[in-house]
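Visitor:
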Ligand code: GAP
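Residue numbers (the working numbering): 583 to 1027.
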């Protein structure tokens, strides 16, 4: 994980947030390549969930909702972690994760193991961030930053049902920031205070819930394989009864073997009719489906939920590689080309050669109209290749002496390092084709 964090910092994928003030634990800012990679993850998720299907529509609900939403959903009463405080070092720990925490007096020990440790009894600590709406500071002005995007979908169920004229099975998908006052710090982007959640609530007739639950677990697992995560690093783990959230009748996690060990990448839950029933009771608005023949029922909900952050770390970890090439070390991010922030680099071999530069700039101008590509004429060609390898650019086109004679360029493949020559006029089409090819990680399973 340290190597990934350092690469992200060095190449401007991710910075610790408000770093010049000493940072703020578990919050990060994204630089240029981080933004590009996140955009790719978001848009591939959106394509699979909405664009390529007839039965799912999009929504973008507010972050701050009427606080009664969170009473109805059970978050005010139940979205909490059991915490203990140490009266000696003043640190706070998750009571159920003490074996992963470090004692404030002696980091090689666990909280409670040092003779000076003085831990309180566990107390429930709500994970929602509170804020206030309006100018008056009284209890009625308390509101919350959403801890999940899902509730914004449930409270819009009736709007979508009527206006999009849908009938179950159908889904509503949403991507947006969620916020949690997480106490267990860190592990880079794995557990952060604010994250971009991608959730889809799929409303089904109750007797079809089991079938759709299996469907979504498999569909989401296959999505990770499609975008290059190695099968050996992925697994599906069913939650035991004691582990499930208050709303779920079944949950399976798609787990990835992160550098910190196996951890939840995405959760798929069968939420039953819990949310629509709760909001019906609390709001007085009936959230049910009424068929043309008059039959009525409260749909059950199957929910695949993930954050871009967890996907991003999994892809970085899966793609990170170091190897020796011709006696020199290279660091390479073997990202799926669809995820890679930059799709191709355009490199004039000799930066002082005006003809090479002119050809390279013209190819760059042509390619950048449809893809994120980079022009780089700084330094020796080997160093330029290595700079692109580090950010995961799958292809590099080099303009050299031969280009000036026969109008061909070399294309270098990031993974195999193979080079071939192509007519310069065919590069656009070649790149389109190459980006559409299925891709599998060359790293060992
Ligand atoms: N609506 C259901 C829900 O929010 P969850 O298991 O609490 O369920 C869903 O969260 C997903 O959101 C997780 O699988 C993970 O990908 C992501 N996630 C949750 N908390 C996170 C955090 N603190 N930092 C980054 N991602 C997080």
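The C-beta atom is built at its ideal place from N, Cα and C for all residues, glycine as well. Computed from a prediction, not measured in an experiment: that's the story for all the values here.
1) Could you tell me whether any non-hydrogen atom of the ligand GAP is closer than 7 Å to the CB of residue 730?
2) Run through the DSSP bridge pairs and tell me what residue 638 is partnered with.
3) Locate the beta strand (DSSP E) running through residue 913, then write down its first and last residues.
4) Count the other CB atoms within 10 Å of the CB of residue 750; is the residue buried (16 or more) or exposed (fewer)?
5) Within its chain, find whatever has a CB closer than 7 Å to the CB of residue 1010; leave out the 5 residues flanking it on each side and keep chain order.
6) For the ligand GAP, is there any heavy atom lying closer than 7 Å to the beta carbon of residue 727?
7) Is any non-hydrogen atom of the ligand GAP found closer than 7 Å to the C-beta of residue 682, if you look at the structure I gave you?
8) Please classify residue 672: is it buried, with 16 or more other beta-carbons within 10 angstroms of its beta-carbon, or exposed?
9) Any idea what DSSP makes of residue 847, helix, strand or coil?
10) Name the residue from 1007, 935, 805, 841 whose alpha carbon lies nearest to the alpha carbon of residue 626.
11) If you run the structure through DSSP and keep just helix, strand and coil, what is residue 929?
12) From residue 731 to residue 653, what distance separates their C-alpha atoms?
13) How many whole angstroms separate the CB atoms of residue 843 and residue 922, which I take to be in contact at a CB cut-off of 8 Å?
14) Using 8 Å as the Cβ pair cut-off and three pairs as the minimum, do the segment 700–716 and the segment 653–663 touch?
15) Residue 1021 by DSSP, collapsed to three states: which one?
16) Candidates 669, 1025, 723: which alpha carbon is nearest residue 702's?
17) Hey, is residue 854 close to the ligand GAP, as in C-beta under 7 Å from one of its heavy atoms?
18) Between which two residues does the beta strand (DSSP E) holding residue 651 run?
19) What runs of the beta strand (DSSP E), each 3 residues or longer, lie entirely inside the segment 966–1014?
20) Among 773, 641, 655, which residue has its Cα nearest to the Cα of residue 863?
21) Tell me whether residue 898 sits in a helix, a strand or coil according to DSSP, three-state version.
22) Per DSSP, which one or two residues make a beta bridge with residue 726?
23) Measure from the alpha carbon of residue 1018 to the alpha carbon of each residue in 998, 878, 809, 882, then state which is nearest.
24) When every heavy atom of the ligand GAP is checked, does at least one fall within less than 7 Å of the C-beta of residue 739?
25) Quickly, what does DSSP pair residue 699 with across the bridge? List them, please.
26) Cβ of residue 774 within 7 Å of any heavy atom in the ligand GAP?
27) Can you tell me whether residue 603 is buried or exposed, with buried defined as 16 or more other CB within 10 angstroms of its CB?
28) Pull up the distance between the alpha-carbon of residue 892 and that of residue 787, whole angstroms please.
29) Name the residue from 728, 721, 697, 616 whose alpha carbon lies nearest to the alpha carbon of residue 643.
30) So the candidates are 811, 645, 894, 882; which of them puts its Cα closest to the Cα of residue 619?
31) Can you find a heavy atom of the ligand GAP that lies under 7 Å from the Cβ of residue 849?
Guide: For this structure:
1) For residue 730, the CB falls within less than 7 Å of some heavy atom of the ligand GAP.
2) For residue 638, which the question treats as bridged, DSSP gives the partners 753.
3) The continuous beta strand (DSSP E) containing residue 913 extends over residues 910–915.
4) Answer is buried; the Cβ neighbour count reaches 16.
5) So the list reads 948, 949, once near-sequence residues are dropped.
6) No.
7) Not under cutoff, so the answer is no.
8) Sixteen is the threshold: since fewer than 16 other Cβ atoms of the shown chains lie within 10 Å of the Cβ of residue 672, the residue is exposed.
9) DSSP places residue 847 in strand when its eight states are reduced to three.
10) Residue 626 has its Cα closest to that of 805, out of 1007, 935, 805, 841.
11) The answer is strand: DSSP assigns residue 929 an E or B state.
12) A direct Cα-to-Cα measurement between residue 731 and residue 653 gives close to 15 Å.
13) Wrong, their Cβ atoms sit about 27 Å apart, outside the cutoff.
14) Because the criterion of three Cβ pairs below 8 Å is met, the segment 700–716 and the segment 653–663 touch.
15) Coil, per DSSP.
16) Its Cα nearest to that of residue 702, the residue 669 stands out among 669, 1025, 723.
17) Residue 854 Cβ: outside cutoff for every heavy atom of the ligand GAP.
18) Here residue 651 belongs to no beta strand (DSSP E); instead the alpha helix (DSSP H) covers 650–655.
19) Counting only runs of 3 or more, we get 977–981, 990–995, 1001–1005.
20) The residue with the shortest Cα to Cα distance from residue 863 is 655.
21) DSSP, reduced to helix, strand and coil, places residue 898 within a helical segment of the structure shown.
22) Listed as beta-bridge partners of residue 726 by DSSP are 712.
23) Among 998, 878, 809, 882, the Cα nearest to that of residue 1018 is on 809.
24) Of the heavy atoms belonging to the ligand GAP, none sits nearer than 7 Å to the Cβ of residue 739.
25) Partner(s): none; residue 699 has no beta bridge.
26) Within the cutoff, so yes.
27) It counts as exposed.
28) Their backbone Cα atoms lie some 31 Å apart in a straight line.
29) When only C-alpha atoms are compared, the closest one is 728.
30) In this structure, 894 is the residue among 811, 645, 894, 882 with its C-alpha nearest to the C-alpha of residue 619.
31) Residue 849 has its CB nearer than 7 Å to a heavy atom of the ligand GAP.
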